[in-house]
Amino acid sequence: MKLLSLNTYHYRRGGADAVFLDHDELFRKLGWETAVLAMQHPRNSISPWSEYFVDELEFGHAYNPWGKIVMASKVIYSFEARKKLSRLLDKFIPDVAHAHCIYHHLSPSVLSLLHERGIPTVMTAHDLKLACPAYKMLNRNGICERCKHGNLLHVAIHRCVQDSFAVSALVAVESMAHKLFRLYRKNLDKIIVPSQFFRTKFTEWGWPEEKFVHIPNFVRADEYIPQFKPGDYFLYFGRLAPEKGVETLIKAAIQANVRLRIAGTGPDEHRLINLAASSPRIEFMGYCAGEDLKMLLREARAIVLPSQWYENAPMSILEAYASGKPVIAANIGGIPEMVLEGQTGYLFESGNADALAERLAHTNGLPDGRIAEIGKQARAYVATAFTPARYTQDMLRLYQSLGANYIT
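Per our numbering, the sequence shown runs over residues 1181 to 1588.
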């Protein structure tokens, strides 16, 4: 059997990229031949398929006037990606293609070609881009669903992407073109949603419910050494961006007078450091990965996820559980599906610093034995409900329903 996976980045830039890479590895270990199509990037992992990768394209780069025109055209429909995929398909004919995050950089031009070649194609919706042009149903004013009834000009009017009118207008035009020509709807056989919340939200925005299949993410729990004895600090790890709610967390930590460590970088980093400057109990750890991050997880008291956007199914929750740690998380998006109240962690109202402060103080005051008990329940939960075996079984069932009949 042959699997083709498509994603913008070929390195672990975020949770979606980790799922893409882990999915490819999972099927290689299962005996499948696999190929990948991605974008050239200096941080990419080595790949035998890199000759087919498209040229790097980033909104934040400084392009000359002609470069901006070329970038804009690729965002809407990348003939380069289509051409390079065609060359790849001449060498490698997959039984099924699986797209992840391909939007601006590869564009749905690749989906059209796969459909023309008769290759069953699925996509994992790691975000809300298939409904909201700005990915997150969020702008500088908070949660936003103004485009729900079809007027995508709201994206430009409210500067929903990078708070920039120019970038937002480009993304609005991109989404209008994709919607007009039904480039996602008619070229995708199925869309995988890691959370039930995303299935509901897409359906509210006009997608047919039968287009979606719910397959939760997985984590290799055996790669994490759990430490049930709680430490004396709370931990946030992830991007330092407005939608992640770290400002709310800092305010709550100061109010609850608890120790907090923040691991990660992002556009909000300097502002958040200044916000926390008055508290010696808040530490910024910078970018952490690999064993350094696993050690921070093991030695924490609990992990905090203070999101203020419609999160899908955060890998950080699974990683916390695998480390034997309770999770304190915002009650928003797909998060409540993953946190069992009082058993694997606690929920609080998203954006409410007072409610989060109460949860932090409560958890800080619990006996160590109770924290350890919750951590053990979290570890048992992730080791049974979010396993590679369950994920593989669900994915094979989906592939088989599309004609990729794999025999073990």
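Beta carbons are placed, not taken as given, at the ideal position from N, Cα and C, and that holds for glycine.
In terms of residues, what are the limits of the beta strand (DSSP E) holding I1515? Start at 1 with the first residue of the sequence shown, and residue 1515 comes out as number 335. Run containing I1515: none; DSSP gives neither H nor E here.
R1559 - DSSP class collapsed to helix/strand/coil: As a first step, residue 1559 is located in the sequence shown; it is residue number 379 there, counting from the start. In this structure, DSSP gives R1559 a helical state, which the three-state scheme calls helix.
K1264 and E1213 - do their beta-carbons sit closer together than 7 Å? Within the sequence shown, residue 1213 is the residue found at index 33, counting from 1. Within the sequence shown, residue 1264 is the residue found at index 84, counting from 1. It is not a contact, given that the beta carbons lie outside the stated cut-off.
Exposure label - A1558; buried when at least 16 CB within 10 Å: The count along the sequence shown starts at 1 and reaches residue 1558 at position 378. Counting Cβ neighbours within 10 Å, A1558 comes out buried, since at least 16 surround it.
Go through the stretch 1429-1468 residue by residue and report every complete run of the beta strand (DSSP E) that reaches 3 residues or more, in order. Listed in chain order, the complete beta strand (DSSP E) runs (minimum 3 residues) inside the stretch 1429-1468 are 1440-1443 and 1462-1466.
Expected contact under 8 Å - CB spacing of N1187 and I1282 to nearest Å: Taking the first residue of the sequence shown as position 1, residue 1187 is located at position 7. Taking the first residue of the sequence shown as position 1, residue 1282 is located at position 102. Sure, about 7 Å apart at Cβ, within 8 Å.
Tell me, please, which residues DSSP counts as bridged to S1185. Residue 1185 sits at position 5 when you count from the first residue of the sequence shown. DSSP lists V1216 and H1278 as partners of S1185.
What is the DSSP secondary structure of E1325, counted as helix, strand or coil? On the sequence shown, residue 1325 is found 145 positions in, with the first residue counted as 1. Three-state result, E1325: coil.
Is DSSP giving G1298 helix, strand or coil here? For the purposes of this step, residue 1298 is taken as the residue at position 118 of the sequence shown. When secondary structure is reduced to three states using DSSP, G1298 falls in the coil class, being assigned neither helix nor strand.
Can you pull the DSSP bridge partners for K1254? Here the question's residue 1254 lines up with position 74 in the sequence shown. Residue pairing for K1254: DSSP places it in no beta bridge.
E1423 - partner residues in DSSP beta bridges: Within the sequence shown, residue 1423 is the residue found at index 243, counting from 1. Partner residues in a beta bridge of E1423, as assigned by DSSP, do not exist.
Apart from the five residues just before and just after F1464, which ones in its own chain have a Cβ nearer than 7 Å to its Cβ? Within the sequence shown, residue 1464 is the residue found at index 284, counting from 1. Cβ neighbours of F1464 beyond the five flanking positions: I1442 and I1453.
Return the bridge partner residues of V1484 from the DSSP annotation. Against the sequence shown, residue 1484 aligns to sequence position 304. Answer is I1508.
Segment contact, 8 Å Cβ cut-off, at least three pairs: the stretch 1573-1585 with the stretch 1411-1425: Here the stretch 1573-1585 does not lie against the stretch 1411-1425, with fewer than 3 beta-carbon pairs under 8 Å apart.
Helix, strand or coil at H1542 [DSSP, three-state]: In the sequence shown, residue 1542 corresponds to position 362, counting from 1. Here H1542 sits in helix by DSSP.
Run through DSSP, which three-state label would W1246 get? Residue numbering aside, residue 1246 sits at position 66 when the sequence shown is read from its first letter. Reliability of the predicted coordinates at W1246 is poor, the pLDDT of 48 falling under 50, and no value is obtained from them.
Endpoints, beta strand (DSSP E) assigned at L1590: The requested residue 1590 is not part of the displayed model; the chain covers only 1181 to 1588.
Three-state secondary structure assigned by DSSP to T1572: On the sequence shown, residue 1572 is found 392 positions in, with the first residue counted as 1. DSSP places T1572 in helix when its eight states are reduced to three.
Return the residue from the list V1438, I1497 and V1302 that minimises the CA-CA distance to R1577. Start at 1 with the first residue of the sequence shown, and residue 1577 comes out as number 397. Among V1438, I1497 and V1302, the Cα nearest to that of R1577 is on V1302.
How would you write the range of the beta strand (DSSP E) that V1335 sits in, first residue to last? Here residue 1335 corresponds to residue number 155 of the sequence shown, with the count starting at 1. From DSSP, V1335 is part of no beta strand (DSSP E) but of the alpha helix (DSSP H) over H1334 to I1337.
Check whether the stretch 1391-1405 touches the stretch 1342-1357, counting contact only when three or more Cβ pairs, one atom from each stretch, lie closer than 8 Å. The stretch 1391-1405, when compared against the stretch 1342-1357, does not touch it at the 8 Å Cβ threshold.
Given 6 Å as the limit, tell me if M1181 has its C-beta closer than that to any heavy atom belonging to the ligand ZN. Inclusion of the ligand ZN in the displayed structure is not the case, the ligand content being empty and no account of it being possible.
Please identify the residue among P1374, E1236, H1190 and E1479 whose C-alpha is closest to the C-alpha of A1215. Residue 1215 sits at position 35 when you count from the first residue of the sequence shown. Comparing Cα-Cα distances from A1215 to each of P1374, E1236, H1190 and E1479, the minimum goes to H1190.
Return the bridge partner residues of V1347 from the DSSP annotation. As a first step, residue 1347 must be located in the sequence shown, where it is residue number 167. According to DSSP, V1347 bridges with nothing at all.
With a Cβ-Cβ cutoff of 7 Å, do G1643 and G1444 count as a contact? Absent from the model: residue 1643. The displayed extent of the chain is 1181 to 1588, so no value can be given.
For chain B, check one thing: does any of its Cβ atoms lie closer than 7 Å to the Cβ of F1392? Here there is only one protein chain, and chain B is not present.
Are G1545 and P1506 touching if we call contact CB-CB under 7 Å? Stepping through the sequence shown from its first residue, residue 1545 is reached at position 365. Stepping through the sequence shown from its first residue, residue 1506 is reached at position 326. In this structure, G1545 lies away from P1506, with their beta-carbon atoms at least 7 Å apart.
Report yes if the C-beta distance between A1469 and P1447 is below 7 Å; otherwise report no. One-based indexing of the sequence shown puts residue 1469 at position 289. One-based indexing of the sequence shown puts residue 1447 at position 267. Contact annotation: A1469 and P1447 have beta-carbon atoms that are not nearer than 7 Å.
Please classify R1451 as buried or exposed, where buried requires at least 16 other C-beta atoms within 10 Å of its C-beta. To locate residue 1451, count along the sequence shown from 1; it is residue 271. The residue in question, R1451, is exposed, as its Cβ has fewer than 16 Cβ neighbours within 10 Å.
Going by beta carbon distance, what residues of the same chain come within less than 8 Å of S1487, once the five residues before and after it are set aside? Taking the first residue of the sequence shown as 1, we reach residue 1487 at position 307. In the same chain as S1487, and ignoring 5 residues on each side of it, the C-beta atoms closer than 8 Å to its own belong to E1423, K1424, G1425, P1494, A1509, A1510, I1512, G1513, I1515 and S1530, in chain order.
Drop a sphere of 10 angstroms on the beta-carbon of K1467, count the other beta-carbons inside from all chains shown, and report buried for 16 or more, exposed for fewer. Your numbering for residue 1467 matches position 287 in the sequence shown. Looking at the sequence shown, residue 1467 is not Lys but Tyr. Exposed, because fewer than 16 other Cβ atoms sit within 10 Å of the Cβ of Y1467.
Can you tell me the Cβ-Cβ gap for P1313 and A1261, rounded? I've got them flagged as a contact below 8 Å. Against the sequence shown, residue 1313 aligns to sequence position 133. Against the sequence shown, residue 1261 aligns to sequence position 81. Taking C-beta atoms under 8 Å as the contact rule, P1313 and A1261 fail to qualify, at a distance of about 19 Å.
Rounded to whole angstroms, what's the CA-CA distance from F1382 to G1298? Just pull it up for me. Looking up residue 1382 in the sequence shown gives position 202. Looking up residue 1298 in the sequence shown gives position 118. The straight-line gap from Cα to Cα measures roughly 26 Å.
Consult DSSP for L1265 and reduce its assignment to one of helix, strand or coil. For the purposes of this step, residue 1265 is taken as residue 85 along the sequence shown, with counting starting at 1. Reduced to three states, the DSSP call for L1265 is helix.
Do S1230 and D1204 come within 7 Å of each other at the CB atom, strictly closer than that value? Translated into positions along the sequence shown, residue 1204 becomes position 24. Translated into positions along the sequence shown, residue 1230 becomes position 50. S1230 is positioned such that its CB atom lies no closer than 7 Å to that of D1204.
Whose C-beta lies closer than 7 Å to the C-beta of A1533 among residues of the same chain, with five residues either side of it excluded? Within the sequence shown, residue 1533 is the residue found at index 353, counting from 1. Answer for A1533: T1428, K1431, A1432 and Q1435, listed in chain order.
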